[in-house]
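Comments concern the structure below.
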Amino acid sequence: MPGPAAVPRQVRNARNAVAAVFAFNGLAIATWFARVPAVRDALSLSAGRLGLLLLAMSIGSIVALATAGLATQRLGTARTVGVAGLLIAGGLAGTGAAAGLTGWLPAVAVALFAFGYGFGTCEVAINVEGAAVERRLGRTVMPRFHAAFSLGTVVGAGLGALAAGAGVPVAAHLVGMAVVVAVGILVALGSFLPTPDTAEPDTAAAHGRSGGLLAAWREPRTLLIGLLVLAAAFAEGSASDWLAVAFVDGYGFSEAAGAAVFAVFVVGMTVGRTAGTVAIDRWGRVPVLLTCTLLAVVGAAVAVLGGNGPVAVAGVAVWGLGASLGFPVGMSAAADDEDRAPARVSVVAAIGYTAFLAGPPLLGLLGDQVGTRYALLVVPVLLLPTLALVPAVRPPAR
Numbered sequence: 007m008p009g010p011a012a013v014p015r016q017v018r019n020a021r022n023a024v025a026a027v028f029a030f031n032g033l034a035i036a037t038w039f040a041r042v043p044a045v046r047d048a049l050s051l052s053a054g055r056l057g058l059l060l061l062a063m064s065i066g067s068i069v070a071l072a073t074a075g076l077a078t079q080r081l082g083t084a085r086t087v088g089v090a091g092l093l094i095a096g097g098l099a100g101t102g103a104a105a106g107l108t109g110w111l112p113a114v115a116v117a118l119f120a121f122g123y124g125f126g127t128c129e130v131a132i133n134v135e136g137a138a139v140e141r142r143l144g145r146t147v148m149p150r151f152h153a154a155f156s157l158g159t160v161v162g163a164g165l166g167a168l169a170a171g172a173g174v175p176v177a178a179h180l181v182g183m184a185v186v187v188a189v190g191i192l193v194a195l196g197s198f199l200p201t202p203d204t205a206e207p208d209t210a211a212a213h214g215r216s217g218g219l220l221a222a223w224r225e226p227r228t229l230l231i232g233l234l235v236l237a238a239a240f241a242e243g244s245a246s247d248w249l250a251v252a253f254v255d256g257y258g259f260s261e262a263a264g265a266a267v268f269a270v271f272v273v274g275m276t277v278g279r280t281a282g283t284v285a286i287d288r289w290g291r292v293p294v295l296l297t298c299t300l301l302a303v304v305g306a307a308v309a310v311l312g313g314n315g316p317v318a319v320a321g322v323a324v325w326g327l328g329a330s331l332g333f334p335v336g337m338s339a340a341a342d343d344e345d346r347a348p349a350r351v352s353v354v355a356a357i358g359y360t361a362f363l364a365g366p367p368l369l370g371l372l373g374d375q376v377g378t379r380y381a382l383l384v385v386p387v388l389l390l391p392t393l394a395l396v397p398a399v400r401p402p403a404r
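For the sequence shown, my numbering begins at 7 and goes up steadily by one.
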């Protein structure tokens, strides 16, 4: 394993740039999720209608995943992330302006679609870039990149709680944060790797990678990893979408306290992803991920069934810790083979992000029947069967 002095400066700079983009993505998504209750109230939406509104963002992400792999191959990761970052910022600003100033639901839906499309595109491209940096570093760092995302969500959730508590209008908050996100991502792009993998889209090699993308959809291991990432994304995304609302409606928390509960979740995620690389290096992917999945099951169940606020918040922290590694470990596993990494990461991301398509309306409609709090019991019920998928992340024999 190379020490810091053995790592070329260009790779170190790229590592920092990738971590920064992950962090700004987390800041953007948490800014939105922390103000969901305010948007819900501004638009006078029921849980079911809110779920359908959140579906607009999910559809944008899914549509992006159908094109993100090809865009990354043809444009390169830096340009793809740049365009996607501008869409993220524009969608966030548009959502805030439409919800807070006009109250026009169709405009909010369109802005959320743009936000989701930019976010989905950026996720594929930045994970491909992160996998390339990881290979050049010669050690596991993908969970640290996702920890940077979680750290960004901690900051975003904390600022969201402060903004909600101080009565900052949702339009001013979201537009201001959109500017920060756009500037931060664009500055980071200058340190990305000059990857030859995406430099010549018209070469025979590029055509081979295009065919490889279709072949990756027929690989059993890639599909199993994708299903595992889907479950992990559902466990993470359902908390992002619904925790604040569930604690406001189900436990009688204030809007600011609900945003703070979401911050507890992302703190758990950040701790798990920061410590996860050490645990994986010592015990391996499979034992660590099995343990984390069980923690997520227990934590989510306690968050819903805890009976009182403090116990439920403790469950949220355990839920975040347990849900922390599924997505980044799945991405690392998909990128085990350098030559096949772009295609496999695209496939795994596409499968995983269907959780963001199905999750909001499923939990929203279920919330109309049993309440948002109890609808979250879907999370532990879904996670238990995925324990059988965890062995798929074991590194293949060389």
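Heads up, the beta-carbon is just placed ideally off N, CA and C, and yes, glycines get one too.
Asked, Found
"Alpha-carbon spacing of Thr360 relative to Phe240, whole angstroms", "9 Å"
"Neighbour-count burial assignment, Gly258, 16 or more Cβ in a 10 Å radius", "exposed"
"Assigned secondary structure, Leu331 (DSSP; H/G/I helix, E/B strand, else coil)", "coil"
"Rounded C-alpha distance that separates Tyr380 from Gly373", "7 Å"
"Beta-carbon spacing of Pro175, Gly106 below 7 Å", "yes"
"Exposed unless 16 or more other CB atoms sit within 10 angstroms - verdict on Gly144", "exposed"
"Buried versus exposed call for Gln413 [16 or more other C-beta atoms within 10 Å across all chains shown]", "Outside the displayed range of the chain (7 to 404) lies residue 413, so it cannot be described from this structure."
"Ala347 versus Pro367 - alpha carbon distance", "32 Å"
"Given 8 Å, three or more beta-carbon pairs between the segment 62 to 77 and the segment 116 to 124", "yes"
"Proximal residues to Ala53 (C-beta, below 7 Å), its chain only, five neighbours per side dropped", "Gly370, Gly373, Asp374, Thr378"
"Nearest residue (CA-CA) to Leu249, options Arg350, Leu234, Leu236, Val270", "Val270"
"Short Cβ contact (7 Å threshold) for Gly274 with Gly332", "no"
"Outcome for Arg350 when other beta-carbon atoms lying within 10 angstroms are tallied against a minimum of 16", "buried"
"Anticipated Cβ contact below 8 Å, Ala184 with Leu98, distance rounded", "4 Å"
"Where Gly377 falls: helix, strand or coil (DSSP)", "coil"
"Buried/exposed call for Val21, threshold 16 Cβ in 10 Å", "Here the sequence assigns Arg to residue 21, which means Val is not the residue at that position. Arg21 is buried by the Cβ-count criterion."
"Classification of Pro149 by the beta-carbon crowding that lies within 10 angstroms, buried from 16 upward", "buried"
"Reduced DSSP secondary structure (H/G/I, E/B, other) of Leu382", "coil"
"Of the residues Gly282, Ala163, Val193, the one placed nearest Leu180, counting alpha carbons only", "Ala163"
"Cβ contact (3+ pairs, closer than 8 Å) linking the segment 82 to 90 and the segment 128 to 135", "yes"
"Residue from Gly256, Ile191, Ala36 with nearest C-alpha to Gly313", "Gly256"
"Three-state secondary structure assigned by DSSP to Leu51", "coil"
"Bounding residues of the alpha helix (DSSP H) (the contiguous stretch that carries Asp247)", "226 to 256"
"For Pro401, three-class secondary structure by DSSP", "coil"
"Trp110, DSSP secondary structure in three states", "coil"
"Segments of 4+ residues assigned as alpha helix (DSSP H) that fall wholly inside the segment 250 to 323", "261 to 289, 291 to 311"
"Neighbourhood of Pro401 by C-beta, 7 Å cutoff - its chain only, sequence neighbours within 5 removed", "Asp342"
"Identity of the residue in Leu301, Phe198, Val335 nearest Gly88 by Cα", "Phe198"
"Reference Val376, options Ala252, Phe28, Ala36, closest by Cα", "Ala252"
"Top-ranked residue by Cα proximity to Leu111, from Thr280, Leu296, Ala48, Ala329", "Ala48"
"N-terminal and C-terminal residue of the alpha helix (DSSP H) that Leu180 is part of", "176 to 194"
"Proximity winner among Arg15, Pro293, Val24, relative to Gly158 (alpha-carbon distances)", "Val24"
"Classification of Val294 by the beta-carbon crowding that lies within 10 angstroms, buried from 16 upward", "buried"
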